[in-house]
Structure formats: C-alpha cells, structure tokens
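Heads up, the thing below is written out as structure tokens.
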Amino acid sequence: MKRRGLLGAAGLLAAASALPRPAVAQERPELDWRLTAAFSRQFDGAFTAAEVFAGRVAALSEGRFRIKVFAAGEIVAGSQALDAVSGGSVECAFVSGRGYWSKDPAFVFLSGLPFGLNARQQQAWWKHRGGAALLNEFLAPYEVHAIAMGNLGAEMGGWFRRELDGPNGFARLKIRANGFVGRILQRMGAVPQQMPGDEVVAALADGALDAAEWSGPYEDERLGLNRAARFYYYPGWWEGSTATHLFVNLTKWEELPIRYQKILGAAATEAGAWMLAQADARNPPALRRLLAGGTVLRPYPAELMQAAWKVADALHAEIGATNASFKKIHDHMAAYRDEAVGWNRISDHAFDAAQIRMLPKG
C-alpha cells in the first residue's frame, strides 16, 4: 500500500511537471501592477494595510503577481485614484469610497452611511447580505470592481474648542468635515470647511476653525489635534463604519486567471482583518494618553444626536427621490441595519453594556 501510494504521488508529480509551459504561464502569469492609495504615508493605519495586501499577493502567488504600492500624490492625488483606475492608468487603488460622493452620493455606501452600519454589520452586509453585488453593479459603469479590504471601525466625533449644548450645538461653527457629512452639518447650521490634514491643526489653534473631525484617537494624536482643541466628542455618528476597498480596473479584473482573482480576494480579506485589529489595538492606549494630557472627553448631547438623525434621514430620502441607485442601495442596507441592530441589542451591545457597568471606571 505504501509503495503504491508513493508511486501514485510520483505519478502526479510527473504529470504536473509534464504540463506544457504555456499552460502554466496562462494559469500563473508574471504580472506587475501598480496600486495607488488614497491615503498618505502619514495615515499609516490605512496605508500600511495596502503594503500588507501587496505582500500577501506576492506570497500567495509565489512571487509571480507583484503589486507596487504608491501613496497619495506619488502617482495621482487621493481624490483622483478612482479616475486613475477607471481610465486604466493604474491597475488598482486602495480607497475610501465616500471620498468620491461628489460623483454620485451612492459612493458613501462603500464606506458607511451616517447612522448606517457599524464595522461588523458592514462586513456582514457586504459578504453575506448582497452588499457586494449591489455596489459592484453600481460601480460597473465606472469600469471598477471593488473588493472589501478593511475598516477602521467607528470614528470619533471630532475636536471642539468649546463645549456643545442642545440640539443647535453646531450652529455657526466652522467645522473641518470633508465629504457627505458636510451636507448634514450645513443643514444643522454649521459652516463645513474642506481642508487637508496638514492644515487642520494650525487652523484650529488660531481660531480659523471651531472644530475638526479626523479619525480615531491614534491618528488624531499623530496629527496633533489635541494640541489645538480641548474637547473630544463621540461617537462619530457619520462614520460608524470606515470601510475601505480595493478598486480594480474592471477589464484587468476580468482578464485575470481565476487563481489570481481568488488571491486578490484572500489577500484583501487578510489585510482588512489586520487593519481593523491594528486600529482596535492602537486606539485604547492613545485615548489614555490624550486624557492624561488634558483632553476632555464628551458624548454628543442626546438632543443633538436626535436632531442629526432627523436631518440625515431627511437628506437620504431627498437624495433617493431623484437618484435611483442611491435609493436602491439605501433601502437594501437599511433593511439589514434594522435587523442587525435588533440582534446587536441583545448580543454585543448587551455584553458591552454589562462590562461597562461592572468594570472600574477610568
């Protein structure tokens, strides 16, 4: 039996070695791709995930599929990454979909809608409840195929020079808030400001800004926002999920051997898990350091949260009335959200609430 087993294994090896070289090359071609990230090297929680991804693609393909990673600005600006992939000047990009909401508001569903899904819910909706199919249908006219690749979880609600009070707390405040959330804040009386990260701290410190949102404790501390404002609010209701994706040029995706498509998916899943785990590991000690340095932590007033919910809900309905893609994706996502929140209320949320009650405060 052992001898026959050895002969069988030897036969399989011989058969594999006898495969014509063109067939091997067709299944496992030598490829060199370029990936442009929508993130700078300074925003290392996200940018490093792209490097982890490229490393796993190389390892899983035994070095035959190589992807070189470029930070925002090294090939194109982060805001142009979608166009670069769509036009084929690069093969792929690592992006936050909400960064392209001005092309179509439905792009926000790639990252997370204000008062939408949290990180786990976003992943479940994408992988098991039809989110991937819906959004790739939406992206097809842009010549893009998206693969889920990470999340930073719920973000913080931003840094403020003074405390907020009541449902009109945002009124007349100049707030650095990029993207879709700016439309909600504007309807609540704020004056949203578009501003790159390297200008935010100085603007906040000298009063050109009253408030600024960025990310979570680790990235906010690195940027130095705690040096410019004292009050740190939570939660980031507009970013309960900060999902990120690999955008692949659709033609390049369809040309890939199935083996390489699966490698991209596996590597993206691994890099995405690494990214969220790193954020969850980094943020607690960063928050402790911020508080020890004088930061004052505050929850958003309940009245302000309720007002924001109503404004956001009305805006979503208004957009959906004239944008069929937005309405289709929104209604699908919201149905899952309502179901998932019901489950979370008696599972994770109940467990977390019990821990919060029983553990020492601090």
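Numbering follows the numbering used here, in which position 5 of the sequence shown is assigned residue number 12; successive positions increment by one, without gaps.
Where is the CB? At the ideal position from N, CA and C, for every residue including glycine.
Local conformation of residue i per DSSP, three classes
i: Tyr305; result: Checking the sequence shown, residue 305 turns out to be Arg, not Tyr. In this structure, Arg305 counts as strand in the three-state DSSP scheme.
i: Arg256; result: The amino acid occupying residue 256 in the given sequence is Asn; Arg does not appear at that position. Correct three-state label for Asn256: strand.
i: Arg73; result: strand
i: Lys269; result: helix
i: Ala357; result: helix
i: Ile363; result: helix
i: Thr276; result: helix
i: Asn290; result: helix
i: Gly247; result: coil
i: Gln87; result: helix
i: Gly80; result: coil
i: Ala53; result: helix
i: Gly300; result: coil
i: Ala153; result: strand
i: Leu67; result: helix
i: Phe60; result: helix
i: Arg10; result: Low confidence applies to Arg10: its pLDDT is 41, below 50, so where it sits in the model is not reliable, and the reading given next is rough at best. Three-state DSSP puts Arg10 in a helix.
i: Leu42; result: strand
Buried versus exposed call for residue i [16 or more other C-beta atoms within 10 Å across all chains shown]
i: Glu220; result: buried
i: Gly247; result: buried
i: Ala91; result: buried
i: Phe54; result: buried
i: Ala328; result: exposed
i: Gly80; result: exposed
i: Asp217; result: buried
i: Asn125; result: buried
i: Arg183; result: buried
i: Asn256; result: buried
i: Ala209; result: exposed
i: Phe145; result: buried
i: Gly104; result: buried
i: Arg11; result: For Arg11, the pLDDT reaches just 41, beneath the cut-off of 50, and the residue's location in the model is therefore unreliable, although a value from the coordinates is still provided. Answer is exposed; the Cβ neighbour count stays below 16.
Of the residues the options, the one placed nearest residue i, counting alpha carbons only
i: Pro185; options: Val92, Phe116, Asn330 and Pro199; result: According to the sequence shown, residue 185 is Asn rather than Pro. Checked all of Val92, Phe116, Asn330 and Pro199; the closest Cα to Asn185 is Pro199.
i: Gly272; options: Gly157, Pro148, Glu144 and Ala44; result: Gly157
i: Pro264; options: Arg289, Arg71, Trp133 and Ala57; result: Arg71
i: Asp338; options: Leu283, Gly123 and Met202; result: Gly123
i: Ala178; options: Leu311, Ala113, Gln201 and Gly80; result: Leu311
i: Glu261; options: Asp355, Ala210 and Glu150; result: Glu150
i: Val64; options: Ala275, Gly165, Lys335 and Ala331; result: Ala275
i: Gly138; options: Leu38, Arg344, Ile353 and Glu206; result: Arg344
i: Ala100; options: Gln128, Ala61 and Trp133; result: Ala61
i: Ile326; options: Ile363, Leu232 and Trp108; result: Trp108
i: Gln450; options: Leu159, Gly231 and Gly176; result: With the chain represented from 8 up to 369, any question about residue 450 goes unanswered, as that position is not in the structure.
i: Met195; options: Arg237, Leu180, Lys134 and Asp205; result: Leu180
i: Ala153; options: Ala161, Val188, Phe114 and Ser222; result: Phe114
i: Ile191; options: Asn330, Pro121 and Leu141; result: Pro121
i: Ala155; options: Phe358, Met163, Arg127 and Gln313; result: Arg127
i: Gly106; options: His135, Met163, Glu346 and Val188; result: Val188
i: Val7; options: Ala66, Ala278 and Val102; result: What is shown of the chain runs 8 to 369, which leaves residue 7 out entirely.
Exercise. Do three or more CB pairs link the region 311-321 to the region 248-259 at distances below 8 Å?
Worked result: no
Which runs of the alpha helix (DSSP H) spanning at least 4 residues fall entirely within the region 162-197, listed in chain order? 188-194
- Report yes or no: do three or more beta-carbon pairs, one from the region 36-43 and one from the region 87-104, lie closer than 8 Å? yes
Completely contained alpha helix (DSSP H) runs for the region 302-347, where each covers 4 or more residues
309-329
**Study point:** At least 3 beta-carbon pairs within less than 8 Å: the region 303-310 vs the region 162-173
**Key:** yes
*Does the region 282-301 come close enough to the region 223-234 that 3 or more CB-CB pairs lie under 8 Å?*
yes
Give the list of continuous alpha helix (DSSP H) stretches no shorter than 4 residues that lie fully inside the region 99-124.
115-118
- What beta strand (DSSP E) runs, 3 residues minimum, are completely inside the region 200-248? 238-241
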